[in-house]
Every structure is written in C-alpha cells, then in structure tokens.
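This report refers to the structure that appears directly beneath it.
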Amino acid sequence: MMTGSIRAAGLRAGSVVVLLLLWWIAAKLVHDPEVLPDPAAIAVTIAGNFQSPGPTGHSAIFHISLTLGRIFAAFAASMLLGIAIGLVMGRSRLVERALLAVIPLMLTIPTILMVFLAVMWFGFSEAGGLVAVMAVVTPYVAVNIFEGAKAMDGSLIEMGVAFKAQNWLLIRKVYLPQLMPYIFSAFRYAFGMTWKIVALAETFGLKFGIGYMFFFWFEQFNMVQVMAWIVMFVVLMLVLEHGLFARLESRAFAWRGAIAH
Amino acid sequence: MALGARSIDRTHLRPQPTVRPGPTLSTAIAVHNLTKTFSKPGTETQFVVLDDISLSVEEGKFVTIVGPSGCGKSTLLNIIAGIERYDTGSVQLSPRRGSPTHQPRVGYVFQSPRLLNWLTTAGNIEFALEAQNVPGQQWKERVTRQLEMVGLGGQERNYPLRLSGGMQQRVAIARALAIEPDILLMDEPFSHLDAITARKMRFDLMEILAKARPTILFVTHDLAEAVFLSDRIYMMKTNPARIFKEVAIDLPRPRKPEDPALLDLEKNLVQEFFGVLEGTG
Numbered sequence: 001m002m003t004g005s006i007r008a009a010g011l012r013a014g015s016v017v018v019l020l021l022l023w024w025i026a027a028k029l030v031h032d033p034e035v036l037p038d039p040a041a042i043a044v045t046i047a048g049n050f051q052s053p054g055p056t057g058h059s060a061i062f063h064i065s066l067t068l069g070r071i072f073a074a075f076a077a078s079m080l081l082g083i084a085i086g087l088v089m090g091r092s093r094l095v096e097r098a099l100l101a102v103i104p105l106m107l108t109i110p111t112i113l114m115v116f117l118a119v120m121w122f123g124f125s126e127a128g129g130l131v132a133v134m135a136v137v138t139p140y141v142a143v144n145i146f147e148g149a150k151a152m153d154g155s156l157i158e159m160g161v162a163f164k165a166q167n168w169l170l171i172r173k174v175y176l177p178q179l180m181p182y183i184f185s186a187f188r189y190a191f192g193m194t195w196k197i198v199a200l201a202e203t204f205g206l207k208f209g210i211g212y213m214f215f216f217w218f219e220q221f222n223m224v225q226v227m228a229w230i231v232m233f234v235v236l237m238l239v240l241e242h243g244l245f246a247r248l249e250s251r252a253f254a255w256r257g258a259i260a261h
Numbered sequence: 262m263a264l265g266a267r268s269i270d271r272t273h274l275r276p277q278p279t280v281r282p283g284p285t286l287s288t289a290i291a292v293h294n295l296t297k298t299f300s301k302p303g304t305e306t307q308f309v310v311l312d313d314i315s316l317s318v319e320e321g322k323f324v325t326i327v328g329p330s331g332c333g334k335s336t337l338l339n340i341i342a343g344i345e346r347y348d349t350g351s352v353q354l355s356p357r358r359g360s361p362t363h364q365p366r367v368g369y370v371f372q373s374p375r376l377l378n379w380l381t382t383a384g385n386i387e388f389a390l391e392a393q394n395v396p397g398q399q400w401k402e403r404v405t406r407q408l409e410m411v412g413l414g415g416q417e418r419n420y421p422l423r424l425s426g427g428m429q430q431r432v433a434i435a436r437a438l439a440i441e442p443d444i445l446l447m448d449e450p451f452s453h454l455d456a457i458t459a460r461k462m463r464f465d466l467m468e469i470l471a472k473a474r475p476t477i478l479f480v481t482h483d484l485a486e487a488v489f490l491s492d493r494i495y496m497m498k499t500n501p502a503r504i505f506k507e508v509a510i511d512l513p514r515p516r517k518p519e520d521p522a523l524l525d526l527e528k529n530l531v532q533e534f535f536g537v538l539e540g541t542g
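Residue numbers (the numbering used here), protein chains in the order written: chain P, 1 to 261; chain V, 262 to 542.
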C-alpha cells in the first residue's frame, strides 16, 4: 500500500521531468525564444513576475488572488445553486418535469457563446464572469445531484420520518451524506469548467487577473510571458485539484474506510 | 413541500393518522376498522392491502402480529408509525400515563438496521434524539446508557460498517430506546439474523424491556418467536388481509423457549394457522 503510493508519486514526478526534458530539447532544436522559449527562461520570467510590478502596476500575486477569488465565488455560487436545484428536482416530480426540459437546452449552448452572451448582457464587469460560469456549471451540477437524489435509499428517509426528523435534519444527516459521491463527481468537473470559463472571461472581458495578463502579452506577441502565465495557471489549478480537493474527498469518505481496515 | 413524502407513498389517499389521547388512558395503541387499498398504476384493479383491521394494545404490553409474508403486517406498522397513509378507519396513539405531553414518543426498529453508515453509533442514536427534540445535554448520557443496555458499551465512536449484522441491529434497538419511547414498533427485527444470534437477541430484548417497559407492537412471521415474546398475539392472513384470531399468552416470565407449555401452545397455533391459510380451518 505504502510502497505503491510512493511508486505512483515517483512515476508522476518522473513523467513531469521527462516532459520538461523534451520541452528543453525541443526549445534547443527550434533555437528561437520568440517561438518556443526553454523551461529555464520561463522559470526566470515567472520569478520576475512575482517580484516586480508588471505592465499593469501589479505583481503576479495580485492577479492570481483576483483570479482565485473569481473562481471560488463563481464555483461556490454554482455548486450551491446546483445542489439545491438537483435536490428539489429529486424530491418533487413537478420540478423534475419542468427542469428536465430546460437543462439539456442549457447544456447544449457552447461555453464560449455563453461567455460572449454574458459579456454582451453585463458588459466587462464581474457580474458577466459570474453569470457565464453559473449559466454553464449550475445545470451540470443540478443534473448530477438529481441523479444522486433519485438513487437515495428510501428506507433511510422512511427511518428519519418515522423518528419525526424535520427537513433540515434530514437534509444534513440523510440526504447530503448520500449525495456526497455525486457532489464530489460534480465538484471535480464543475471546478475544471469554472476555471476555464473564468480564464476565458478574463481574456475577453474582465479587467486584471491571470487571463487578462495572458491576453495582454498575447497582444504584445511576447511568447515568453504568454507561456509563463500559462504555466503559472496550470500549476495553480493542479495544486488546488490534487492538493486540496483530493484531501477533502478522502476526509468526506473516511467512514467507508471503516470496512477495509 | 414535504421532503420525505415522495419516496414513501405516492398515493394521496387520506391524511396521516391522528395522534391524540385515546378513549381510555390504559390503551396505548387503538386501531379501528382500518382499510387500505392500493390501485396498480394505470389500471382499475384495486388491491386490498388491509381489510377492516381493528386491534388495541394496552399500555406496557407486548403484542405481536403474526402472519405470512405479504399479509400487510409491515404496512400496518408503517401506518401506525405515520409513514404510510390509509383509506378509512382510525389510528390512535397515546402516551404513557403521567407523560407531560399528548404526543406519544414512538420508536421504530425495522427489519434491517437502517443505520446511517456515515455516522458513528453515537451519531446514529443522536440523530433520533435530535429528531425528537431531546435537549442536547442529555445526549451523551442517553447514548452511553443505551449502548450499554444493548451490550455495546464503549462502541460510541465505532462506525456501523465495522459492526456485525447482529450488532448493527442492537444499535438500531438502542436508537429506538434512546428516545425513551411510549410505544415501540418492531418489524421482524431478528429475521435477518442467524438463528443463534436471533435467540440471544430475544433473551436480551426481554431483559432490556423489563427495565424500559414501553408498549410494544411487534410483527413477525415466526410463531415460536411470537409465543416466546408476547402477552398477546393477533394472527393475520392474506386474501383478504384480515386479523382472524387473537390469542392471549398467559405464561409466566421469564420464559424459556423450550418450555413445554410454550411448545404446546405454538404447536396448536401452527395447526390452526395452516388450517386457515389452507382454507380448511
């Protein structure tokens, strides 16, 4: 068990090293930093972005925290609304029928069009980004939670009702724990969608943030900076997904481990 | 919107049982002329689940409904618990004498433990305590006491999936007893257990109940179990689903399952039962 996880971590680190090595070789072969800068140049640029105020007068920390704030606000709003809608759909046939017609429609609209629509409606404002994320992510979360609500164990709900549990107690102790696998599966995907949409909205509309910087350097045709911001973004999201969410997930399902050990 | 209602009963026939003090204080459960029919979706066919059922359980008594599978005895228990609806008739539940409220506390032990696997054993018991608005400062003491009573002292922080089936059912019994019920409903609580565990559980139940003394309505298909446990037995049959006989078991307690008097009684009842079920009685 222990050696297995160490080996997996070693493999992962190894493949990253190989990727960096291939990148470095390719950069040497291309031999043109305007087209493909090597990893070392990117690392130096990233370090510089953290130390000095960039063209906007803000360091990388400012842009990163702004982007993270936008991601978490939009993500939290979409998840909460999606869970609430999915739960109500699962418990009320009327709402289920009404929404099952609308949700596929929402899911069909291409994400990039949703961003354009939101920008046209709300202009280059924070509300535009928030609405774009919610319009795309909420229906997806709702459908997932709805599936979970349908799969809930009716006999446990019956038990709760027999003991006269009020709705809020049922939601906390009976519904939500059974929905956890569905919430987490929605969580992963919804988070991935959220940061992509936020990056897109920053690129096209919002002021400041990682996506904004990305587009700024794109317009300058500065390949080193463009790649530096991409790498910063990717590393940040990987750390969040694997470091934070994986840990939350293993904690939420600790009771299951009770069988194995 | 009633969040719990949908998965329990999609027919919208009649209101929930009215819970009010019974006509005489000593009757804990009074069921009068209860009927329930179930129409198959999309057809005109009416299926009679319960046909004119009347029964009463005096305070502090152990009364059992015995019947074959599918005779509607679990439905009857669910109606009494207020988690299923009925068509006509009445159900009255009364709290024990001297109780400060008109609302009797009703505990339910199901056929399977129905524990919340994501909560510890203590958490599962606390769920029932919170549902019944028992003040939080009493929880710890009640959890400890009930787990000790069912023989699971010290298992507060263990999770249900770590416990055997028999232990899980003990937690379910502790959960039902922790709310200090006026009425305890038990739906074939030992039928999922192996014979040896079930036998031990029956002995333990008798011991526990001697201390807690709630009124009990117990459902089983096992006549030997019914005779061993009960003060009185109602015998039920299918097609139509009716109570056809009521038997008082006046044998002294504590009882032994091998007591010849019990075995004799059981034998007679078995003969009568099969006579009725096979249409010769």
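Idealized CB from N, CA, C, for every residue including glycine. Bear in mind the structure is a predicted one, so any value in this text is a computation, not a measurement.
Own chain residues within Cβ distance below 6 Å of residue i, not counting five before or after
i: V:Lys297; result: Val310, Leu311, Tyr347 and Asp348
i: P:Glu270; result: As shown, chain P starts at 1 and ends at 261. That puts residue 270 of chain P outside it, with no answer to give.
i: P:Gln178; result: Met152
i: P:Ala118; result: Gly128, Val131 and Ala132
i: P:Ala199; result: Gly211
i: V:Met447; result: Val370 and Phe479
i: P:Phe221; result: none
i: P:Trp217; result: Gln225 and Val226
i: V:Ile457; result: none
i: V:Phe308; result: Phe299
i: P:Ala254; result: none
i: V:Thr285; result: Here the model assigns V:Thr285 a pLDDT of 47, short of 50, so the residue's position is not dependable, and the following value carries that caveat. Closer than 6 Å at the Cβ level, and outside the excluded window around V:Thr285, lies no residue.
Paired residues, beta bridge with residue i - DSSP
i: V:His293; result: V:Ser351
i: V:Glu533; result: V:Glu533 is not bridged to any residue.
i: V:Lys517; result: V:Lys517 pairs with nothing; no bridge assigned.
i: V:Ile444; result: V:Val367 and V:Thr476
i: V:Thr325; result: V:Phe479 and V:Ile494
i: V:Thr298; result: V:Val309
i: V:Thr288; result: V:Glu319
Delimiting residues of the beta strand (DSSP E) encompassing residue i
i: V:Ile504; result: Arg503 to Ala509
i: V:Thr481; result: Thr476 to Thr481
i: P:Ser59; result: Note, P:Ser59: premise wrong, no beta strand (DSSP E); not H, not E.
i: V:Glu319; result: Gln307 to Glu319
Residue-level contact to chain V via CB, residue i, 8 Å cutoff
i: P:Phe62; result: no
i: P:Phe146; result: no
i: P:Ala84; result: no
i: P:Leu169; result: yes
i: P:Leu156; result: yes
i: P:Ala165; result: yes
i: P:Trp23; result: no
i: P:Val174; result: yes
i: P:Trp255; result: yes
i: P:Met1; result: For P:Met1, the predicted model reports a pLDDT of 49, less than 50, meaning its position is unreliable; a value from the coordinates is still stated below. No, its Cβ sits nowhere closer than 8 Å to a Cβ of chain V.
Residue i at chain P interface by Cβ criterion, 8 Å
i: V:Trp544; result: The structure shown does not extend to residue 544 of chain V, since chain V is modelled only from 262 through 542, so no value can be given for it.
i: V:Gln393; result: yes
i: V:Ile344; result: yes
i: V:Phe299; result: no
i: V:Phe535; result: no
i: V:Phe371; result: yes
i: V:Tyr420; result: yes
i: V:Pro284; result: With a pLDDT of 47 at V:Pro284, under the threshold of 50, the modelled position of this residue cannot be trusted; read the value that follows with caution. It does not: the Cβ of V:Pro284 has no partner Cβ on chain P nearer than 8 Å.
Same chain, Cβ closer than 7 Å to residue i, neighbours up to 5 away in sequence not counted
i: V:Gly414; result: Leu408
i: V:Leu538; result: Pro329 and Lys498
Anticipated Cβ contact below 8 Å, residue i with residue j, distance rounded
i: V:Ala471; j: V:Pro518; result: Going by Cβ atoms, the distance from V:Ala471 to V:Pro518 rounds to 17 Å, so no, they are not a contact pair.
i: P:Leu107; j: P:Pro55; result: P:Leu107 to P:Pro55, Cβ: 38 Å. No contact.
i: V:Met410; j: V:Ala435; result: 7 Å
Under 9 Å by beta carbon: chain B residues contacting residue i
i: P:Pro177; result: The structure shown has no chain B; the protein chains it does contain are P and V.
For residue i, the first and last residue of its enclosing alpha helix (DSSP H)
i: P:Tyr140; result: Glu126 to Lys150
i: P:Leu170; result: Asn167 to Leu170
i: P:Trp44; result: In the sequence under discussion, the amino acid at residue 44 of chain P is Val, which differs from the Trp named in the question. Pro39 to Gln51 is the span of the alpha helix (DSSP H), which, as asked, contains P:Val44.
i: P:Asn222; result: Premise fails: P:Asn222 is in no alpha helix (DSSP H) and is neither H nor E.
i: P:Lys173; result: No alpha helix (DSSP H) holds P:Lys173; DSSP gives it neither H nor E.
i: P:Phe122; result: Thr111 to Phe122
i: P:Arg93; result: Arg93 to Thr108
i: P:Val239; result: No alpha helix (DSSP H) holds P:Val239; DSSP gives it neither H nor E.
i: V:Asn385; result: Thr382 to Ala392
Any non-hydrogen atom of the ligand COA closer than 7 Å to residue i Cβ
i: P:Val137; result: No copy of the ligand COA occurs in the structure displayed, which carries no ligand at all.
8 Å Cβ shell around residue i - same chain, five flanking residues per side excluded
i: P:Ala26; result: Leu36
i: V:Leu212; result: No statement about residue 212 of chain V is possible, as the shown extent of chain V runs from 262 to 542 and does not include it.
i: P:Phe116; result: Phe204
i: P:Met263; result: Any property of residue 263 of chain P remains undetermined from this structure, which presents chain P solely from 1 to 261.
i: P:Met98; result: Residue identity check: residue 98 of chain P is Ala in the sequence provided, not Met. If we look at P:Ala98 and ignore the five residues flanking it on each side, it has no Cβ neighbours.
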